[in-house]
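These notes concern the structure reproduced below.
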Amino acid sequence: LLGFTEASNILRHYYMKDVNIVVPDPSKEKSVIAVSAIAREMKQTNKVAIVRCVWRNGQGNVVVGVLTPNVSERDDTPDSFYFNVLPFAEDVREFPFPSFSRFPASWKPDEQQQAVADNLVKMLDLAPSAKEEVLKPELTPNPVLQRFYEYIELKARSMDAALPPVDEAFKRIMEQDPELSSNNKSIMDSFRKSLEVMENPKLKKTSKRYLRDKPSGSDDEDNRMVTYNANENKVDTIGDATPVQDFEAMISRRDNHDWIDKAISQMKNRIVKLVEDSTHEGDKALECLLALRKGCVLEQVSSAFFLSRLLHFTLESIVNSLSLDSYICVLRSQSNSMSS
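Taking full-length UniProt numbering, I'd label the letters of the sequence shown as residues 1 to 340.
As structure tokens, then:
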């Protein structure tokens, strides 16, 4: 358990995998009471728990997740928690897009196009007022998971077992409703006729980068897509004067995919050199490190970020430069700070 936070701080789209349910051991009364007490208090205070999870003993795959209280309304069912995996900072992607109101008039639908689009959306309503709701979430299983576990069960019994045809009940979930299509053919035809499909003209070769400094939906001019012209970014080496700008220019190049790897490799070497050769370039090394981290996130190569290795390198450099007496003093100082 890492701590508690307001339930409103954990948004639904943060969940990364399938939900799991955490239940107490029904044979241990104290365990049931303890889980129930925590779950009900969290429910009353509108809190959720942030936890660190290792799925199996000795496994290195660690995840951070959220426990949401599930208070039972039945006496024969114990209280429990829903567990969802949360993303790390490097897993979060914020793609800011300009508001539709900023688009030119030629890009916006006219009144007739807007009307047929509205009718199409209303047609897809699964809970029309005159009929019973279709595909209720609590009564609709996940057909992919059901099929997967069905196959596992068959293979556990016989390795030569063949997967049977899909059950009719699951076909109704997976396949399009023919009645819906036939009853609303006029709506779909109107939608198809009202929207003209045109070929998108090819633009000049550019590389695009989305800014992540502001949340999605911002209309600020600085929050729009930034486009770099490939012909203007012919930087091929990270220099001493402006390493951050050189790094950003190199990873923005798209004339060859190798530039990303080269930029990351050169920036790593530049950071190590700043740390190793100078005692007065700490701020510059930090700026380079932050730029490297942001670049690794943008290019989705977070494994290339080497903060842990840089820490070990720095500590080794300090140790090698100290005498034995000084080294002992450093260890004592670290021990005292950790104990306090």
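All C-beta atoms, glycine included, are put in the ideal place defined by N, C-alpha and C.
Item                                                                                                                                                                  : Value
Would the stretch 46-66 count as touching the stretch 96-111 if we require 3 or more Cβ pairs under 8 Å?                                                              : no
Identify the continuous beta strand (DSSP E) that holds alanine 49 and give its terminal residues.                                                                    : 47-54
Nearest-angstrom Cα distance between methionine 174 and leucine 135?                                                                                                  : 11 Å
Note down, in chain order, each residue of its chain lying with its Cβ closer than 7 Å to the Cβ of tyrosine 151, except the 5 sequence neighbours on either side.    : Leu163
Sorted by chain position, which residues of the same chain lie with C-beta nearer than 8 Å to phenylalanine 88's C-beta, five sequence neighbours on each side aside? : Val64
DSSP three-state call for asparagine 84: helix, strand or coil?                                                                                                       : strand
Could you have a look at residue 341 and say whether DSSP puts it in helix, strand or coil?                                                                           : This structure gives no information on residue 341, because the portion of the chain shown stretches from 1 to 340.
Just reading off the beta strand (DSSP E) that phenylalanine 4 is part of, what are its end residues?                                                                 : 3-6
Flag this pair as touching only if the stretch 186-205 and the stretch 112-121 have three or more C-beta atom pairs under 8 Å; answer yes or no.                      : yes
Taking valine 166 as part of the alpha helix (DSSP H), name the residues at either end of that continuous run.                                                        : Looking at the DSSP string, valine 166 is not in any alpha helix (DSSP H), and its letter there is neither H nor E.
In the stretch 77-127, which residue ranges form an unbroken beta strand (DSSP E) of at least 3 residues, counting only runs that do not cross its ends?              : 80-86
Relative to the C-alpha of isoleucine 187, which residue among Ala241, Lys122 and Ile271 is closest?                                                                  : Lys122
Classify aspartate 79 as buried or exposed, calling it buried when 16 or more other Cβ atoms lie within 10 Å of its own Cβ.                                           : buried
Indicate the three-state DSSP secondary structure (helix, strand or coil) for asparagine 20 in the structure shown.                                                   : strand
Tell me, which residues are paired with proline 69 by DSSP?                                                                                                           : Phe81
Quick check on DSSP: helix, strand or coil for tyrosine 210?                                                                                                          : A caution first: tyrosine 210 carries a pLDDT of 41, below 50, which makes its placement in the model unreliable, though a value can still be read off. Of the three classes helix, strand and coil, the one that applies to tyrosine 210 here is coil, per DSSP.
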